[in-house]
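Q:
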Ligand code: CS2
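In our numbering, the protein residues as written are 43 to 538.
#1: May I have a chain-ordered list of the alpha helix (DSSP H) segments no shorter than 4 residues that lie completely inside the segment 206–265?
#2: Secondary structure at residue 376, three-state DSSP: helix, strand or coil?
#3: Helix, strand or coil for residue 456, going by three-state DSSP, please let me know.
#4: Considering only the beta carbon of each residue, do residue 301 and residue 87 sit closer than 9 Å?
#5: Could you say which of 418, 54, 48 and 518 lies nearest to residue 285 if we only look at CA atoms?
#6: CA-CA distance, residue 290 and residue 104?
#7: Taking the alpha carbon of residue 90 as the reference point, which residue from 451, 59 and 311 has its own alpha carbon closest?
#8: Report yes or no: do the segment 122–133 and the segment 169–187 share at least 3 C-beta pairs separated by less than 8 Å?
#9: Count Cβ pairs between the segment 409–423 and the segment 361–381 that sit closer than 8 Å; are there 3 or more?
#10: Taking a contact to mean a Cβ-Cβ separation below 9 Å, would you say residue 72 touches residue 106 in this structure?
#11: Under a Cβ-count criterion, where at least 16 other Cβ atoms within 10 Å of its own Cβ denotes burial, should residue 534 be classed as buried or exposed?
#12: Opposite residue 103 in the DSSP bridges: which residues?
#13: Reducing DSSP to helix, strand and coil, say where residue 450 ends up.
#14: Note the first and the last residue of the continuous beta strand (DSSP E) segment covering residue 539.
#15: Can you give the beta carbon distance from residue 356 to residue 410, rounded, assuming they're within the 8 Å contact cut?
#16: Can you give me the C-alpha to C-alpha distance between residue 276 and residue 119, rounded to a whole angstrom?
#17: Could you tell me which residues DSSP pairs with residue 127 in its beta bridges?
#18: Do you know whose CA, among 333, 352 and 376, lies nearest residue 389's CA?
#19: Taking residue 264 and residue 235 to be in contact with their CB atoms under 8 Å, please state how far apart those CB atoms are, rounded to whole angstroms.
#20: Give the straight-line distance between the Cα atoms of residue 64 and residue 515, rounded to the nearest whole angstrom.
#21: For residue 48, tell me which candidate among 245, 122, 295 and 537 has the shortest Cα-Cα distance.
#22: What I want to know is whether the C-beta of residue 530 ends up closer than 8 Å to one or more non-hydrogen atoms of the ligand CS2.
#23: With DSSP as the reference, label residue 269 as helix, strand or coil.
#24: Evaluate residue 435 with the Cβ neighbour count: other Cβ atoms within 10 Å of its Cβ, from every protein chain shown; 16 or more gives buried, anything less gives exposed.
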C-alpha cells in the first residue's frame, strides 16, 4: 500500500478534506516542542484552518524531545497525516498540512536551538506533558536537582529538556539582537504561561541573571486552556485508516469532534488568527483553566483510577456503569463546581452535561491506564486544588478524596486481584516502595499507607498532610477500597 504524501494525496477519496493552500508557500513561524497525538489533533488543526483561510508564514516545525517515532511517521509523508474525528454517529476525516518540518531533538540539539533562534520563529509552543516541565508539582518551582535540568545547566549549549532549549534559544536571540519569541504552553497545568515563565527565568538565572532579567522584561508567556480528548493511536486505528484512505498513514490521530482553545492574547511578534478557527482570545485564561482542570481532568483522573481498579479498560466502559456516572456527576456538582469563579455567561451546567456525553463517547477507546499515567504530576491541579478550596470554605471533599485514595491503591502497584499494575509515573519506584509491605486487608494498614503517601511533599505539599479531616477521609476511602473493591465502594458512595 503506498504511503500518504504530497505525491499521493491526489488519490485520496473526495470525502477526505485536504489542505486547501500551497504548503510550500508557508514559512515556518512556530516551533512546537512535543509533537504527540494531542498537538496534531489540536493546535495543528486550528493552524491548518488559519492557513486555509489566510495563509501566512505560520507553518509548524514539530519537535520530539524523546521519541524518534514521530519523525519516522511524518517525514516520509511530507508532514501530512489524517485526523479522524469520531463519535457514535461515524467518522469525519481530514488531512492536516500545517506541519511542514520535523526534528528529533537528540539528533542535533544545536540545530534545534538554531531553528528556535531563527528570527522567522515567532512562537515556540509546548505540549510536553506535566513531567516535561521538570518542576515540583505541589509548589510549581523548578527542580534544580532534576537530572535533565542539572545536565543542561552543565552543558547549556546542547540541552535535552524543554526548559533548557527555551533558554538556550532565547539567549541566542538576545546575543543576535532579536526580540524573544512568544512561549506558549499548551499543557494541562494551572497558570501554565505564568508557571513556565517562572521556570524559564529560574533556569536562566542560574546561567546569567541579566538574561533572566531580559526574558522577564521582554518575553511573553501567554497562558492557554487546551481541550480535546485524543487517545493514543493504536495499530487497529492505523490498519483501519489504510482501508479508508487507500493509503498507509503512520501519523494518523483519532479524536472526539469537540475541541476548545482559550488563549491569553499576549504575543511578542504576532500570531496566526486562531480566532478564525474558533479559538477564544481572552484577557485572563485562569477561570477557564480551573474549570477544565477540575471538572474535566479531575473527573478523568477519578474515572481512570476507580475505573481501572474496577476492571474497566476504557472511560466509556467505566461510564456505562450508572454508579460511576452518578459519582462523577456528584463530584462535579457538589465539590468541583463550587470552587470555580467563572465569568458571567459561562454555562457550567451545560458544560458538565457535555462532559458526561464526551466521556460516554462509545467510539473512542480512551484507556483508563493511559489517563492514570503520571498521577503524581496531575493530582495537585486536578483534585487537590478542589480539596484545598473546599476545605477553605467548609465544603465537602469526600468524593475527591475517594479518587485520591484510588490513586494510592493504584500507585501501590497491585490491583484487586493481586496482579501487578504497570504504573507509569516519575515517582513510581518511590510510591511502590512506600506500599511494599502493606497488606490492605489487615487492620489499620490502609491508614498507615495513607500516612506514608502523605509524606510525598511533591504531591501533597506541606499543608494537606496536616489536615486531620483529609487524613480521615482518605483513610476511610482506602479502607473501603481494600475491603470491598472499587465497584461496591463507588456504588455505595454514589448513593450516599
Ligand atoms: C487526560 C487528558 O490523559 C489525561 O490525563 O485527562 O489528556 C484529557 O484527555 C485532555 O486534557 C482533554 O483535553
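Even for Gly, the Cβ is constructed at its ideal location relative to N, Cα and C.
A: From the atom records:
#1: 234–249 and 251–260
#2: helix
#3: strand
#4: yes
#5: 54
#6: 21 Å
#7: 59
#8: no
#9: no
#10: no
#11: exposed
#12: 73 and 143
#13: helix
#14: Since the displayed the chain opens at 43 and closes at 538, residue 539 lies outside it and no answer follows.
#15: 7 Å
#16: 19 Å
#17: 134 and 297
#18: 333
#19: 5 Å
#20: 59 Å
#21: 122
#22: no
#23: strand
#24: exposed
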